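Protein chains in written order, with my numbering: chain W, 1 to 384; chain B, 385 to 705.
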């Protein structure tokens, strides 16, 4: 078997800075060779670098993986074994004397973005970015409209965007998908591209999508009666009065990731005959088996109370549910636990795991499977 | 009656075909599979030398639904029943597919016994297909006996117009599209009875599927569904011994010979015909398939039909799991 590139470099003589220059020009960082991923950082004694780590959030692994210096050069490295198909977001941390600094990998141009900033991305062997999430000039584009709704329940103005599929017609009747953290899904999970492409390819039914946005997210999404009332009694009735929507439970789906998943489940729980389906990604379904200590901080208190209550007396809240979670995120344990609980109520649950973390790109990558499960298109019946 | 089956017409070659067959028109055209775009047929008409007469079956069907709400409601109820039936059948199929997957990844034990288990699974699939199509026929039969289309004034008028358009047609062209809409439209306006069966037909993709006696849906790359082909409904039955697979290379796992071989065995004795872009199968009035018909054989190889016979022994010896 061929030696790893870093080991081949180590054996070269003389191992000087110009050789490292050439090495870095030749390789994409991290260097992915089968399951081994070599992370690199360049910073020598002149820069005052004393220690370097790769920082990631893979459950069960140390958060900070130390890098070591290659000989007396300015190059630092560490090798991590990542199973095929993995996608890991990380940053580099550097210590200069007592000063610690964390930043994106300067050698890796691949970045993932989120509302709290960006991270570098390591795509292990076998991972491919879905082509259906990219802009496709052949796909007929849908339209995004602005919509403001004065909400008595939330005591604030709610700002939404409404997606109308290409070839929208008032003589058709469409199913409705309500997306929590809507602007984030549009910006960080390429959801407009995804909808345009999946609908164009008939993987997904033509659907009207309401992208909603929270005010105080931790309050509104953590099992809030006000938020549920806003969706059930204010937003959806308005959408159904102004747009040609099916207006039946089978034509109403709630979707959300993380806390947005809790908001989806708890809203459907409050109005059990109103929604037909849920699409929940990395739901923050934190619960406790003994006592009330959950370690998630005060924001999770109402979530844990809700989940404990639900687990004690589970009930069917919708007919169909798509649930996904990344196996590198801490939420994998509660999510796995909930699959059987949900199924036990008679809900038709499709569950999917990915070698990924709690990230927008993970949620983007699962959209095709989730959306085509909830609102299947007619591709199966179409033969051009 | 000559029937010509074509692959998808992304790069249409219809004009050359019409010329080579010496067909002069007029041509009755069926574009019901295009649904609301049914009338956007100017390119098709150009290929037919401006001699096409679109039967507009899909729009006629919408008019029937609009003017006969009772029939429309019954039609919707039948569709939803069929859909539910199909979903239950898909669920069953998905378990057999999973079983076959597990078998092929198993390395312990006897290969011969595994092969027997594969054979049993294929027989289970064939039994499920047969039972499913029987159930579909029951639902369809009930619908047509409760709501005989010929007794609905809303339908009768359209049927007469369609018959008139078909009466002096020299050939029929049926395009691809949505197979369910196409089949419903063909049945509702009784196109077979008013001359389809005696005229030369050119059909592609869903149009070709509609001519067979058993319509098989398939998309092995779809994110939903059972991950294998599924029997859907009876077609018009003009080609009783073939099952067609439009865009096979795109929709089937064609690099997996075991998978393709299973498909051929499952639908035997019918001949499985892939219809990829550029495919052309000219079937004479005696129904005989030409020697160069592309087929999928028991070994999971796509090739012209003429070479199948010689290699049958080899095909039978291929391990499948």
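Glycine included, C-beta positions come from ideal geometry on N, C-alpha and C. The structure displayed is predicted, hence computed values, not measured ones.
The three-state reading of DSSP puts residue 78/W in strand, counting E and B together. Closest option to residue 122/W, judged by alpha-carbon separation, among 13/W, 362/W, 101/W: 362/W. Here residue 359/W carries a coil assignment [DSSP, helix/strand/coil]. Chain order gives the chain W residues near residue 601/B as 380, 381, where near means a beta carbon separation below 8 Å. Residue 67/W and residue 256/W have their C-alpha atoms some 37 Å from each other. Partner residues in the beta bridge of residue 438/B, as assigned by DSSP, are 413/B.
In this model, residue 539/B and residue 452/B are separated by some 9 Å (Cα to Cα). At a cut-off of 8 Å between beta-carbon atoms, residue 376/W makes contact with chain B. Straight across, the Cα-Cα distance linking residue 324/W with residue 32/W is about 26 Å. In terms of Cα proximity to residue 137/W, the closest of 200/W, 116/W, 287/W is 200/W.
Non-local beta-carbon contacts of residue 52/W in its own chain, meaning distances under 6 Å to residues more than five positions away in sequence, involve 41, 67, 76, 94 in chain order. Secondary structure of residue 641/B (DSSP, three-state): helix. Within the region 314-352 of chain W, the runs of alpha helix (DSSP H) that reach at least 4 residues and sit entirely inside it are, in chain order, 332-344. Not one beta carbon of chain W lies nearer than 8 Å to the beta carbon of residue 571/B. Around the beta carbon of residue 8/W, a 10 Å sphere encloses fewer than 16 other beta carbons of the protein chains shown; the residue is thus reported as exposed. With a threshold of 8 Å between beta carbons, residue 372/W makes contact with chain B. In summary, residue 668/B is exposed, with fewer than 16 beta-carbon neighbours lying within 10 Å of its beta-carbon over all protein chains present.
Excluding the 5 residues flanking it on each side, residue 230/W has same chain C-beta neighbours closer than 6 Å at 151, 153, 154, in chain order. For residue 560/B, the residues of chain W that pass the 7 Å Cβ criterion are 383, 384, in the order they occur in the chain. In the three-state reduction of the DSSP assignment, residue 286/W falls in the coil class, being assigned neither a helical nor a strand state.
Shown here, residue 376/W sits in a strand according to DSSP, grouped into three states. Using a Cβ distance threshold of 8 Å, residue 55/W and residue 63/W count as a contacting pair.
Of all alpha-carbon atoms in 27/W, 21/W, 17/W, 19/W, the one lying nearest the alpha-carbon of residue 5/W is that of 27/W. No Cβ-Cβ contact shorter than 8 Å links residue 608/B with residue 627/B. Using a CB distance below 8 Å, no part of the region 17-32 of chain W faces chain B. Within chain W, the residues placing a beta-carbon under 7 Å from that of residue 608/B are 372, 373, 376, ordered along the chain.
At least 8 Å separates the CB of residue 129/W from every CB of chain B. Residue environment analysis places residue 479/B among the exposed positions, since fewer than 16 neighbouring C-beta atoms fall within 10 angstroms of its C-beta.
DSSP, reduced to helix, strand and coil, places residue 27/W outside both helices and strands of the structure shown, so it counts as coil. The continuous stretches of alpha helix (DSSP H) do not include residue 687/B, which lies in the beta strand (DSSP E) extending over residues 686-688.
By the neighbour-count definition (other C-beta atoms within 10 Å, threshold 16), residue 25/W is an exposed residue.
Taking one beta carbon from each stretch, the region 489-500 of chain B and the region 568-576 of chain B have fewer than 3 pairs nearer than 8 Å; the two do not touch. Contact residues of the region 201-218 of chain W toward chain B are 203 (C-beta to C-beta distance below 8 Å). Interface annotation for the region 566-594 of chain B against chain W: 589, 590, 593, criterion Cβ-Cβ distance under 8 Å. For the set 86/W, 248/W, 237/W, 228/W, the Cα lying nearest the Cα of residue 263/W is the one of 228/W. Between residue 523/B and chain W, the shortest Cβ-Cβ separation is not below 8 Å.
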